[in-house]
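Written below as structure tokens is the structure these notes are about.
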Amino acid sequence: MNRGVKTFILLATFFVVTGSVAIIMVLPTLVTGSLISGHVQFDEVFEAADYGIEGRRVSLTTEDDHRLAAWEANTDNPKGVLMFFGGLNYPSVTAFWGHARLFAEHGYASLLVELRAHGESSGDQISLGYAEHLDVLAGLNHIRDREEYKDLPVIAYGANLGGVAAINAAGLYPELDGVISIAAFSSWSDLFRDNLYFSGAPFLLALAEKPFVNLYVLNKFGYKNKNIYPQYQIANLGDRPALLMHSEDDENVSFLNLERIMQRAPEQVEMWAREGSEHLVSTDFLYPENDPEYVERVLEFLTTNF
2 MNRGVKTFIL
12 LATFFVVTGS
22 VAIIMVLPTL
32 VTGSLISGHV
42 QFDEVFEAAD
52 YGIEGRRVSL
62 TTEDDHRLAA
72 WEANTDNPKG
82 VLMFFGGLNY
92 PSVTAFWGHA
102 RLFAEHGYAS
112 LLVELRAHGE
122 SSGDQISLGY
132 AEHLDVLAGL
142 NHIRDREEYK
152 DLPVIAYGAN
162 LGGVAAINAA
172 GLYPELDGVI
182 SIAAFSSWSD
192 LFRDNLYFSG
202 APFLLALAEK
212 PFVNLYVLNK
222 FGYKNKNIYP
232 QYQIANLGDR
242 PALLMHSEDD
252 ENVSFLNLER
262 IMQRAPEQVE
272 MWAREGSEHL
282 VSTDFLYPEN
292 DPEYVERVLE
302 FLTTNF
């Protein structure tokens, strides 16, 4: 092999390797940055009246000055309060009105809170769970200020990003009494890596991305928040109850996320791995009474622990 060919091969190798590393480094910024920038306006929103119940509009303010749209649905002599939180892109928290109606029949009041940067709440940046725990705290403080809810257990109940916020809040705020999550991801870097791999990327490429995703979120949300993700915060639950639900074939947030969270979960934490691919676990999320298995599982958890 002559010298010119060797030089060409070396240069080609250098540019291929350098280009690959550059792509790996910038991919988290390009993908995550485009996903979290801006305000989410939902295609579908729902009203309490659609479900034949009365919802009272309230406004919450977080410790970092976000204004959150929220709605209360009370019931006579409540035995607990469920705080509902929606997902990253879907659903709006208003999709939980069917849950609010159903659980009111079983003695639970509800507070539906739209996360920051979603719907009628303020903000133009999604924080991937690193700040949404403050939205849960704002709801918790509102409930604790209401005389009719004094001394009642408060359970955070969230789907997707709302589930992430609920788990993180439980780890950070001992006054939160329990958690129910649906399809929560274990960390953003885990979800990024999983989805890259399941989209067809080589395993080693997906594996190599995780540290760069971690660097991106550390830079974006601050080093002080580095441990605010469900796989870490679930260990801070102490002896409080939690029910983590996930579909085994979920294509949006893989079942691996639940398995990773459970690795660090205290022994009393319950999981429900449901057959199928429904991202929101229930086969009829808007009208959960049409899915008795789902309702029975949640009510069993609530009855046993509260």
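All residue numbers for the sequence shown refer to my numbering, where the first residue is 2 and numbers rise by one.
Every residue gets a Cβ at the ideal spot worked out from N, C-alpha and C, and that includes glycine.
Since this is a predicted model, take the numbers as computed values, not measurements.
Query: Enclosing beta strand (DSSP E) for G159 [first to last residue]; Result: V155 to A160
Query: Exposure label - R57; buried when at least 16 CB within 10 Å; Result: exposed
Query: Closest residue to A166 among L135, Y150, D178 and R194 (Cα-Cα distance); Result: L135
Query: Cross-strand partners of I181 (DSSP beta bridge); Result: Y158 and L244
Query: Cβ-Cβ distance between A160 and I127 below 8 angstroms; Result: no
Query: Boundaries (first-last residue) of the alpha helix (DSSP H) holding L287; Result: That residue, L287, is in no alpha helix (DSSP H); it is neither H nor E in DSSP.
Query: Neighbourhood of T30 by C-beta distance below 7 angstroms, restricted to the same chain and skipping five residues each side; Result: Y217
Query: One or two residues paired with D111 in a DSSP bridge; Result: Looking at the sequence provided, one finds Ser at residue 111 rather than Asp. According to DSSP, which records beta bridges pairwise, S111 is partnered with A74 and L83.
Query: Beta strand (DSSP E) segments (min. 3 residues) lying fully within the region 88-149; Result: 109-114
Query: Inter-residue spacing [alpha-carbon to alpha-carbon] between A236 and E148; Result: 32 angstroms
Query: Exposure label - F15; buried when at least 16 CB within 10 Å; Result: At F15 the pLDDT is 36, less than 50, meaning the model places this residue with poor confidence; the figure from the coordinates comes in the next sentence. Looking at its Cβ environment, which holds fewer than 16 other Cβ atoms inside 10 Å, F15 is exposed.
Query: Beta-carbon proximity check, V270 vs L238, cutoff 8 angstroms; Result: yes
Query: Any chain B beta carbon closer than 8 angstroms to E55; Result: No chain B appears in the structure shown, which is made up of a single protein chain.
Query: Limits of the unbroken alpha helix (DSSP H) element including L61; Result: Segment R57 to T62 is the beta strand (DSSP E) holding L61; no alpha helix (DSSP H) there.
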